[in-house]
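Residue numbers (the working numbering): 8 to 731.
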């Protein structure tokens, strides 16, 4: 009988000739041109080619994301054989999903003919696809005068060939539907990966030397030296290690490079093999590897293997000693990850404190403020000496500078009270506090701290002196002493370039850009800020990247290139909202309000004004709040105020005693600050948002307050009626 496997129009269409070509197939998946109908065709074709791994490797499915979980040896550059086997495994997984119940005799195991599921109609589709394609019947099993179809008809009790092919085609469609769902949610990824690992690892059981050598190789989680693997094998007295390595390399359990000197095991396979190694053997191997890496001067790898060996104090010692070199080599993420592995109970109090301080510095450098604060607080718990406490308080002050200036000053004061003048970080604390004073326009305090810092800084403290000169440049810039400021900024940048610290160089460039900006040299200002931003992006510091975007936008703005300014302000705003950076977000909002007002786009300008003004009030940024008020006076229609906010210097008017305590507090806030919002009233009185909103609405209805704006930007000012 002639078999007819394509009964429906949907299944009768084969692949176009060029869809079996690699380039065309990859382009199809890359361009998202896959449909459910095309997937049905490809699944149908894959079943027909199940007899040939090479044929499977040439099909569309062999280049689809569906097979990636099954590529456990090398998902980046798999061989044709690996792709073909992955397709076959994918079909096997999908067919197993067709089974209406647990499969007592799974694929690749002997299935007795008295298994009742052979003749169960609910199992027909599973039986057909399994025993016709995935695990085809052997010719010795064919009934007399028949082949696959006749034999399966007899085994399953399917009444006719027509029913057989209908069930077969429904099964193909159902497999395609499951793969379509898998393409969308990846729910079967883990099962596919486990099946692939079992299939891949199974042949090793017949090669004990290769199996043992792969177990040793699982000690490494990256590219590692061939000589070190063989050294470990010799330590374990493994015979024929070279032959075992040849077997593993030929079958791609281990990939080799650098003329055979380096080896690599895929992370998925490595984790699987590692999980089957005895714990004592793992630790012994890690100790030996750590000793070798220490001799080679690879501190990070040595420390990581010391950690895995359970030798935590030694790992901490290595990382603390090598931290400066690792930072200079830009291994921030790797070092931060290694530091995050420690637990307090594994180290002495002193080591734990130093690890947390170092971790705080790295997190701050990466713009991870909350993580840095957590590390500081952990360090503070184990800091009993005043000088050690001062080191932590200085860092906490720095972390609060852009979020809560009063908190920052409090922490700096805590540090100042505990430092002695001879402490190296005392100079840094003075410099940091001076920057905060500059932000607050407290020029005399800033100059006092900077002059004292310059006196205390040793001549060879290049980085500290560069930081001080940078701060002095900023101070003189704000005081419009540009010649002095430019000299100080160039001196700072020169010192930083000598040290090679990229982050400090970038900050120096940023400060130089602000100075050029103040001198109205916008071309040089933009170039300096862009160079600084490139470094911040390379270092992954999103907060400083946002600040650089703001500064570039401002330089374009001042140069009259308003569209370029809008573009950079918008990028800054988006980034600030993503990372939660309120001070720079407020500045971006005010600048956007200003530039859109200048462009005549009043509605957009008002939206940014209202959102920024509300955020500045909520966060307590007094300078920014004042600037928003100035903008509302410069541009009509921004705030929609009937009159400017009340002068905060006015003498407060007595409040009517009949009002509730919350209402009186609201009127006092409006009198003192020029406006009041539900948030400021909540902070002042501790009431809920609903109560605060209700009280303000009542005061507006009674004529005591006037409502300004709408939505999130709503606030209230004293009405013309004022108070009785």
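Glycine included, each C-beta is placed from N, C-alpha and C at the ideal position.
By the three-class DSSP mapping on this structure, what secondary structure does residue i have?
i, result
"residue 339", "helix"
"residue 426", "coil"
"residue 178", "helix"
"residue 725", "strand"
"residue 713", "strand"
"residue 171", "helix"
"residue 579", "helix"
"residue 155", "helix"
"residue 436", "helix"
"residue 135", "helix"
"residue 441", "helix"
"residue 508", "coil"
"residue 560", "helix"
"residue 122", "coil"
"residue 166", "coil"
"residue 59", "coil"
"residue 408", "coil"
Tell me, which residues are paired with residue i by DSSP?
i, result
"residue 262", "271"
"residue 231", "270"
"residue 683", "723"
Please name the residue, chosen from the options, that lies closest to residue i on a Cα-to-Cα basis.
i, options, result
"residue 316", "343, 341, 353, 305", "353"
"residue 355", "675, 387, 320", "320"
"residue 578", "567, 120, 591", "591"
"residue 299", "312, 287, 289, 288", "312"
"residue 476", "447, 628, 434", "434"
"residue 506", "531, 487, 472, 121", "472"
"residue 684", "623, 44, 118", "623"
"residue 195", "418, 141, 102, 466", "102"
"residue 128", "387, 167, 594", "167"
"residue 503", "492, 494, 516", "516"
"residue 185", "52, 47, 279, 272", "47"
"residue 602", "302, 572, 358, 59", "572"
"residue 377", "212, 550, 73, 211", "550"
"residue 342", "372, 318, 220", "372"
"residue 521", "345, 541, 478", "478"
Please go through the same chain and pick out, in chain order, the residues whose beta-carbon is closer than 6 angstroms to the beta-carbon of residue i, but skip the five residues on each side of it.
i, result
"residue 33", "Bear in mind that the predicted position of residue 33 carries a pLDDT of just 47, short of 50, making it unreliable; the figure below should be weighed with that in mind. If we look at residue 33 and ignore the five residues flanking it on each side, its Cβ neighbours are 70."
"residue 329", "306"
"residue 399", "383, 386, 387, 390"
"residue 279", "204"
"residue 245", "219"
Pull up the distance between the alpha-carbon of residue i and that of residue j, whole angstroms please.
i, j, result
"residue 480", "residue 375", "28 angstroms"
"residue 334", "residue 545", "14 angstroms"
"residue 560", "residue 582", "14 angstroms"
"residue 62", "residue 240", "39 angstroms"
"residue 281", "residue 310", "19 angstroms"
"residue 205", "residue 199", "10 angstroms"
"residue 709", "residue 552", "48 angstroms"
"residue 158", "residue 79", "37 angstroms"
"residue 30", "residue 50", "Unreliable positioning characterises residue 30 in this predicted model, as indicated by a pLDDT of 41, which lies under 50. A coordinate reading is not provided."
"residue 268", "residue 234", "7 angstroms"
"residue 263", "residue 254", "12 angstroms"
"residue 147", "residue 229", "49 angstroms"
"residue 557", "residue 565", "12 angstroms"
"residue 303", "residue 231", "13 angstroms"
"residue 327", "residue 567", "50 angstroms"
"residue 715", "residue 575", "29 angstroms"
"residue 174", "residue 182", "12 angstroms"
"residue 493", "residue 500", "11 angstroms"
"residue 85", "residue 369", "37 angstroms"
Give every residue of the same chain whose Cβ lies closer than 7 angstroms to the Cβ of residue i, excluding the five residues on either side of it in the sequence, and list them in chain order.
i, result
"residue 634", "597"
"residue 385", "363"
Just to confirm, does residue i get its C-beta within under 6 angstroms of one of the non-hydrogen atoms of the ligand ATP?
i, result
"residue 177", "This structure does not include the ligand ATP; it has no bound ligands of any sort."
Considering only residues of the same chain and omitting the five flanking positions on each side of residue i, which have a CB-CB separation below 8 angstroms?
i, result
"residue 338", "307"
"residue 119", "112"
"residue 81", "89, 259, 262, 273"
"residue 214", "251, 254"
"residue 723", "673, 677, 682, 683, 684, 703, 706, 707, 712, 713, 714, 715"
Is there a Cβ from chain D that is less than 7 angstroms from the Cβ of residue i?
i, result
"residue 725", "The displayed structure is made up of one protein chain only, and chain D is not part of it."
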